[in-house]
Amino acid sequence: MAQLILIRHGQSLWNALNKFTGWVDVPLSERGRAEATIASCRLSGYRVNVCFTSKLIRAIETATICLTERDDICGGKIPIIKHKESDQDWHGWNNYDGNPAEELPIFTNAALDERFYGELQGLNKADTAEKYGREKVNEWRRSYSVRPPGGESLEDTQKRVVAYFNSRILPHLLQGDNVLIAAHGNSLRSIIMRLDRLSPDEVTALELSTGVPIVYELDTSGEVIDKKILND
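Just so we're aligned: 129 in the numbering used here is position 129 of the sequence shown, and the numbers increase by one with no gaps anywhere.
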């Protein structure tokens with residue numbers, strides 16, 4: 001049996017301004033850092049063996065706060081971000097092989113990035129609804145297969161996220177590792193859609209709060225046997 005912990009990043013500075021963020025690399029707000037700290041407290045008693053995040057700083061910040069505010073979550077190990085040679089501006093970060101007895105690896109990958117909102121990125125959501133109409137903007141935001149101008153649909157996002165989950169994350173769970181994924185509303189919806197076997201209509205109605213951990217218990221075949229939302 002293994003545990004999979006999903007957490008949407010804490011509030012970002014653009015979340016606070018009600019802007020479409022997508023792939024724009026915006027850090028956490030003060031509230032967002034506090035949400036990540038509270039999440040760490042809610043995860044007291046849980047143990048993590050490996051962590052995956054998107055390439056975006058708000059997810060990385062959330063993961064590192066969760067893993068460093070309390071020693072018990074890492075079992076006393078030091079979280080280490082594992083860079084690849086293919087990473088942009090690489091300068092030898094991957095020359096260190098690591099020490100599994102003392103360190104907890106954090107793997108970052110763009111497959112877990114937020115949905116790409118294209119031309120909407122940086123725009124205020126309320127102003128955009130006023131310009132294009134609330135119904136059209138709601139369709140761009142909440143439909144499963146409709147893409148916003150120049151951007152991705154949730155269906156597009158789900159395909160890339162689930163492919164990475166199946167190939168890279170699921171093997172850890174099947175071998176009994178407890179996994180933390182810190183990512184984004186739409187990338188996490190994509191994983192939850194797979195785990196909970198949601199329909200397109202069901203997944204578009206799913207709301208995920210910032211900084212609230214969701215814990216899945218999985219059996220040795222990767223099937224869900226329990227689910228908890230740690231929101232109190």
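We put the beta carbon where it would ideally sit given N, CA and C, even for glycine. Being a predicted model, the structure only gives us computed values, none of them experimental.
Review point. Alpha carbon to alpha carbon, what distance is there between M193 and Y216?
Key: As a first step, residue 216 must be located in the sequence shown, where it is residue number 216. As a first step, residue 193 must be located in the sequence shown, where it is residue number 193. Rounded to whole angstroms, Y216 to M193 spans 13 Å at the Cα level.
**Study point:** Residues near C41 in its chain [Cβ-Cβ closer than 8 Å; skip 5 each side]
**Key:** For the purposes of this step, residue 41 is taken as the residue at position 41 of the sequence shown. Contacts found: E69 and R70.
Review point. Looking only at its own chain, which residues have a Cβ that is under 8 Å from the Cβ of A110, when we skip the five neighbours before and after it?
Key: Here the question's residue 110 lines up with position 110 in the sequence shown. The residues are S54 and K55.
Review point. Between which two residues does the beta strand (DSSP E) carrying R33 extend?
Key: Locating residue 33 in the sequence shown gives position 33, counting from the first residue. Premise fails: R33 lies in the alpha helix (DSSP H), E30 to R42, not in any beta strand (DSSP E).
Exercise for review: Note down, one range per segment and in chain order, each alpha helix (DSSP H) of at least 4 residues found wholly within the stretch 116-159.
Suggested key: The stretch 116-159 contains, as complete alpha helix (DSSP H) runs of 4+ residues, the segments 125-132 and 134-142 (chain order).
Check your understanding: Across which residues does DSSP place N66 in a beta bridge pair?
Key -> Here residue 66 refers to the residue found at position 66 when the sequence shown is read from its first residue. Checking the sequence shown, residue 66 turns out to be Cys, not Asn. Answer is none; C66 lacks a bridge partner.
Practice item. Could you name the residues of the same chain whose beta carbon sits closer than 7 Å to that of C74, not counting the 5 residues immediately before and after it, in chain order? Key: The residue you call residue 74 lines up with position 74 of the sequence shown. Cβ neighbours of C74 beyond the five flanking positions: V48, L67 and L104.
Review point. By a C-beta neighbour count over all protein chains shown, 10 Å radius and 16 as the cutoff for buried, is D113 buried or exposed?
Key: The sequence position of residue 113 within the sequence shown is 113, counting from 1. Counting other Cβ atoms within 10 Å of its Cβ, D113 reaches 16 or more and is therefore classed as buried.
**Study point:** S12 in three-state terms, based on DSSP
**Key:** To locate residue 12, count along the sequence shown from 1; it is residue 12. Of the three classes helix, strand and coil, the one that applies to S12 here is strand, per DSSP.
Check your understanding: What is the rounded straight-line gap between the Cα of I214 and the Cα of K82?
Key -> Within the sequence shown, the letter at position 214 stands for residue 214. Within the sequence shown, the letter at position 82 stands for residue 82. Going from the Cα of I214 to the Cα of K82 covers about 24 Å.
Exercise for review: Mind checking which residues open and close the beta strand (DSSP E) that includes T108?
Suggested key: Within the sequence shown, the letter at position 108 stands for residue 108. For T108, the enclosing beta strand (DSSP E) has its first and last residue at E103 to T108.
Check your understanding: If you follow the beta strand (DSSP E) that V212 is part of, which residue opens it and which one closes it?
Key -> For this step, residue 212 is matched to residue 212 along the sequence shown. Neither: V212 is in no beta strand (DSSP E) and is coded neither H nor E.
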